[in-house]
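Under the UniProt record's numbering, the sequence shown is numbered contiguously, ending at residue 228. The structure appears below as structure tokens.
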Amino acid sequence: MPVFVVFFSLLLGQRFHCKTYGALTMIITGVAITSRGEASFNGLGFVAALGSTMAGAAYGFIMKKALIIMKLHEFQMLTLISGLSLVLLLPVWLIVDFRQIFLSPDNPPPNAAAPTKIIYLLLADGLSRYLQNSLGVMLLARLTPLGYSVGNVLKRLFSIISSLLFFATPVTLLHTVGFGIAMSGLLAYNLMRAPSHHDSDLAEPSCRDPAPEEHIHAAAAHTSAHTV
């Protein structure tokens, strides 16, 4: 996700410090190494995951801009998004899932659970999703889109580690190295941001930006040329 956030920022003409790129490279490399132990690869699944990641990056970027421009409280924004999502997705759910699960009990889908259990799972999933979105919006209101995406990468990393533990997957040296690289990149990113008093990563100078002294000398030379 940080890759797409940086990509969207570059499209808008915004730049980051070269140390930011280095820390993000470490984080992404570590996560890639940690998840390398997957037994199978599916092209359609990869495309879907890539699209989901891009959509998540766009969500964080646009949401941050909307919070600043519209001057809304984060929970007001969450209410608007939740209502819009309900209007858009409820008809699809009624047509696809509701009809198949609740209106066709004689022809249930493979491995389908009982309707009461499905309702319980839907309520639990909805509550968990609401809590996740509430926490995410609160964090996004206080972080930059890039910082928010770095947090999402950390969440993915712990999801991978949790799945390894839950399914008793043997942890290899490759997993350990990948986890260490990702955590080192996260530590480097936090240490890099700690001394900064800027409100946003987007305010950082890029690697190619001249130093402040160079700006002063350039301005002085430009003024002297006009004077002559």
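C-beta: ideal position from N, C-alpha, C; glycine also. Small disclaimer: the values here were computed from a predicted structure and weren't measured.
query, result
"In whole angstroms, what separates the C-alpha of glutamine 14 from that of valine 137?", "23 Å"
"Leaving out the 5 sequence neighbours to the left and right, which residues in its chain are closer than 7 Å to serine 35 when beta-carbon positions are compared?", "Ile160"
"Leucine 165 to threonine 116, Cα distance in whole Å?", "30 Å"
"Just to confirm the assignment, what range does the alpha helix (DSSP H) spanning isoleucine 95 have?", "Premise fails: isoleucine 95 is in no alpha helix (DSSP H) and is neither H nor E."
"Verify whether the separation of the beta carbon atoms of phenylalanine 16 and alanine 57 is less than 8 Å.", "no"
"For methionine 157, collect the residues of the same chain with a Cβ closer than 6 Å to its Cβ; drop the 5 residues on either side in sequence, then sort them by chain order.", "For clarity, residue 157 is leucine in the given sequence; the question names methionine instead. Excluding residues within five positions, the ones whose Cβ falls inside 6 Å are Val31 and Ala182."
"Rounded to whole angstroms, how far is the Cβ of alanine 48 from the Cβ of tyrosine 189, which I believe are closer than 8 Å?", "With 8 Å as the limit, alanine 48 and tyrosine 189 do not qualify as a contact, their Cβ atoms being about 28 Å apart."
"How long is the line joining the alpha carbons of tyrosine 130 and glycine 60, rounded to whole angstroms?", "16 Å"
"Please go through the same chain and pick out, in chain order, the residues whose beta-carbon is closer than 8 Å to the beta-carbon of leucine 50, but skip the five residues on each side of it.", "none"
"Are the CB atoms of methionine 26 and residue 235 within a distance shorter than 8 Å?", "The requested residue 235 is not part of the displayed model; the chain covers only 1 to 228."
"Check whether the Cβ of threonine 53 lies closer than 7 Å to any heavy atom of the ligand HEM, and answer yes or no.", "Although the ligand HEM was asked about, the structure shown includes no ligands whatsoever."
"In three-state DSSP terms, what is threonine 169?", "coil"
"Nearest to isoleucine 62 by alpha carbon, out of Pro145, Leu191 and Ala168?", "Pro145"
"Taking 8 Å as the cut-off, decide whether the C-beta atoms of alanine 141 and leucine 67 are in contact.", "yes"
"Cutting at 7 Å between CB atoms, please list the residues of its own chain near threonine 29, excluding the five before and the five after it.", "Ile181"
"Kindly indicate which three-state DSSP category histidine 17 falls into: helix, strand or coil?", "coil"
"Of the choices Phe179, Lys64 and Ala55, whose alpha-carbon is the least far from that of leucine 143?", "Lys64"
"Assign phenylalanine 179 to buried or exposed, taking buried as 16 or more other Cβ atoms, counted over all protein chains shown, within 10 Å of its Cβ.", "buried"
"Span of the alpha helix (DSSP H) holding serine 128?", "115-142"
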